[in-house]
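Engineer:
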Amino acid sequence: MSKKILLVSADWDNVKKYVEPICKGVAAELGVELEVRNEDYGFLVEHGEKDDFGGVEIPQVFVVDGEKVKHVFTRIPLTVEGKPDIKSATEMLKKALADA
247 MSKKILLVSA DWDNVKKYVE PICKGVAAEL GVELEVRNED YGFLVEHGEK DDFGGVEIPQ
307 VFVVDGEKVK HVFTRIPLTV EGKPDIKSAT EMLKKALADA
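And the structure:
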């Protein structure tokens, strides 16, 4: 089985407008599948990053390689100015795919 990017997001998620294009761009550039799941809380509880109370946030990005699931990031990294850091998020995702 080949590697794929898995994005768990929601229709109401404002950050999706940044994260989904990053995932689509990296998937197209590297020739990997992109799977987008809408509000898959079961997957997030099992594989995602949790807060101190066991809750999960959306969006979260993963790299899946067969049975292995690697969490890449929750939400999107921010610049020092507090703006979405598209470049860092893209680099994080590419590195996670290379390391998977």
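So the sequence shown is residues 247 to 346, counted in my numbering. Even for Gly, the Cβ is constructed at its ideal location relative to N, Cα and C. Just so we're clear, the structure is a prediction, and the values are computed from it rather than from any experiment.
Between which two residues does the beta strand (DSSP E) holding glutamate 279 run?
Structural biologist: Reading the sequence shown from its first residue, position 33 is the one you call residue 279. Note, glutamate 279: beta strand (DSSP E), 279–284.
Engineer: For alanine 274 and valine 307, I'd like the C-alpha separation in whole angstroms.
Structural biologist: Here residue 274 corresponds to residue number 28 of the sequence shown, with the count starting at 1. Here residue 307 corresponds to residue number 61 of the sequence shown, with the count starting at 1. Approximately 16 Å between the Cα atoms of the pair.
Engineer: Specify, as a first and last residue, the run of the beta strand (DSSP E) that serine 255 falls within.
Structural biologist: For the purposes of this step, residue 255 is taken as the residue at position 9 of the sequence shown. First-last of the beta strand (DSSP E) with serine 255: 249–255.
Engineer: Leaving aside the five residues before and after valine 309 along the sequence, list all residues of the same chain whose C-beta is less than 7 Å from its C-beta, in chain order.
Structural biologist: What you label residue 309 is simply residue 63 of the sequence shown in a count that begins at 1. Closer than 7 Å at the Cβ level, and outside the excluded window around valine 309, lie Lys249, Ile251, Lys316, Val318, Ala342, Leu343 and Ala346.
Engineer: Which partner residues of alanine 293 appear in the DSSP bridge assignment?
Structural biologist: Indexing the sequence shown from 1 puts residue 293 at position 47. Note on residue identity: the sequence assigns histidine, not alanine, to residue 293. BP columns for histidine 293 are empty, so no partner.
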